[in-house]
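S.K.: Count the sequence shown with our numbering and you get residues 561 to 802, in order.
For every residue, glycine included, the Cβ atom is placed at its ideal position computed from N, Cα and C.
What you are looking at is a predicted structure, and each value in this text was computed from that prediction instead of being measured.
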Amino acid sequence: MRLNVNKLNFAYSDQRIIHDLSFEVKDGEFVSILGPSGCGKSTLLNVLAGIRKPQSGQILIDGKDTEGISTHFAYMPQNDLLFPWKTILDNVCLYGEIHHQKEKMREKARMQMARFGLAGCEEKYPGELSGGMRQRAAFLRTTLCEAGIYLLDEPFGALDVITRSDMQDWLRNLCSNLKKTILLVTHDTDEAIYLSDRILILGAPGEGIRQEMAVTEPNRTREWLYGQGELRAKIHRIIKEK
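1) Helix, strand or coil for phenylalanine 808 per DSSP?
2) Return the residue from the list Gly692, Met665, Arg724 that minimises the CA-CA distance to threonine 703.
3) How big is the Cα-Cα spacing for alanine 752 and alanine 764?
4) Near leucine 641, what residues of its chain come up, given a Cβ to Cβ distance below 8 Å and the 5 sequence neighbours on each side ignored?
5) Is isoleucine 742 near tyrosine 710, with beta carbons less than 7 Å apart?
6) Which of the three DSSP states, helix, strand or coil, is assigned to threonine 741?
7) Can you tell me which of the three DSSP states methionine 636 falls into?
8) Pick helix, strand or coil for histidine 747, following the three-state DSSP scheme.
9) Of all the options Val565, Leu594, Gly598, which has the alpha carbon lying nearest to the alpha carbon of lysine 624?
10) Is DSSP giving phenylalanine 699 helix, strand or coil here?
11) Quick one: is valine 607 buried, meaning 16 or more other Cβ sit within 10 Å of its Cβ, or exposed?
12) If you draw a straight line from the C-alpha of asparagine 639 to the C-alpha of alanine 674, how long is it?
13) Residues in the same chain with beta-carbon distance under 7 Å from cysteine 735, minus the five sequence neighbours each way, listed in chain order, please.
14) In whole angstroms, give me the CA-to-CA distance for lysine 567 and arginine 670.
15) Cα separation between glutamate 790 and isoleucine 799?
16) With 16 other CB atoms within 10 Å as the buried threshold, where does asparagine 651 fall?
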């Protein structure tokens, strides 16, 4: 699915956070959003997901206007939000339970467990899993919604460095098969470089997109990423500009 944001505006009381923001995410494209703390990255995802209502502007899915909570979006926050009293299978099938399709979704989830590295975890509880495994479960729950656009809000931000690297490798391999449109908010420059087709860098609150850049390397490895010092430095300079 293609996402177009046209002249989007949002403010908390009298504090302008998003001002006349416009950008496009193409069908199947992975786009990351970077920027200084407080610039409105997470707020933007909340507005797109319908959690917050913009003052004005358009959100278009394949050219059609959408408002409020839309089934075209699947939103994954930083915290996994798994219910500790439910098994992993029941947690990932929550969407099906809400929409009275529990058994159908349970069947689909069982078929996907191995693909998400969760084989054998169906009847375990969240407290029995590592942070990385819990995030895999949360991502499986997101994909089972069958939305065309995934909104990922720092999904690996709470993980330790080694687990985060492993999860980035896992997500990169997974996304090559999912063929979904993905918008990722992150503070991690390396994560954005490693995963993205394009990077949007936001400025101060209300400033909008300060710069965008494409990442064109098709065969990315950790060794390739370690050699991206010039690009990393350029991104940091842009973010820190006053």
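M.R.: Per the coordinate set shown:
1) Outside the shown range of the chain (561 to 802) lies residue 808, about which nothing can therefore be said.
2) Here residue 703 corresponds to residue number 143 of the sequence shown, with the count starting at 1. For threonine 703, the nearest C-alpha among the options comes from Met665.
3) Sequence index remark: in the sequence shown, residue 752 carries index 192 (1-based). Sequence index remark: in the sequence shown, residue 764 carries index 204 (1-based). In a straight line, the C-alpha of alanine 752 is about 19 Å away from that of alanine 764.
4) Here residue 641 corresponds to residue number 81 of the sequence shown, with the count starting at 1. Once the five neighbours on either side are set aside, the close Cβ partners of leucine 641 are Ala698.
5) Along the sequence shown, one-based indexing puts residue 742 at 182. Along the sequence shown, one-based indexing puts residue 710 at 150. A contact, by the Cβ cut-off of 7 Å.
6) The sequence position of residue 741 within the sequence shown is 181, counting from 1. In this structure, threonine 741 counts as strand in the three-state DSSP scheme.
7) Taking the sequence shown and counting its residues from 1, the one referred to as residue 636 is at position 76. In the structure shown, methionine 636 sits in a strand (DSSP, three-state: E or B).
8) Walking along the sequence shown from the start, residue 747 turns up at place 187. Reduced to three states, the DSSP call for histidine 747 is coil.
9) Counted from its first residue, the sequence shown places residue 624 at position 64. Nearest C-alpha to lysine 624 among Val565, Leu594, Gly598: Val565.
10) Sequence index remark: in the sequence shown, residue 699 carries index 139 (1-based). The DSSP-derived three-state label of phenylalanine 699 is helix.
11) Sequence index remark: in the sequence shown, residue 607 carries index 47 (1-based). Its Cβ being crowded by 16 or more others within 10 Å, valine 607 is buried.
12) Numbered from 1 along the sequence shown, position 79 holds the residue referred to as residue 639. Numbered from 1 along the sequence shown, position 114 holds the residue referred to as residue 674. If I take the Cα positions, the gap works out to 22 Å.
13) In the sequence shown, counting from the first residue as 1, residue 735 sits at position 175. Apart from the 5 residues on each side of it in sequence, cysteine 735 sits with its Cβ closer than 7 Å to the Cβ of Phe590, Ile742 in its chain, given in chain order.
14) One-based indexing of the sequence shown puts residue 567 at position 7. One-based indexing of the sequence shown puts residue 670 at position 110. Their backbone Cα atoms lie some 42 Å apart in a straight line.
15) By 1-based counting over the sequence shown, the position of residue 790 is 230. By 1-based counting over the sequence shown, the position of residue 799 is 239. Rounded to the nearest angstrom, the gap between the Cα atoms of glutamate 790 and isoleucine 799 is 14 Å.
16) Locating residue 651 in the sequence shown gives position 91, where the first residue counts as 1. Burial call: buried.
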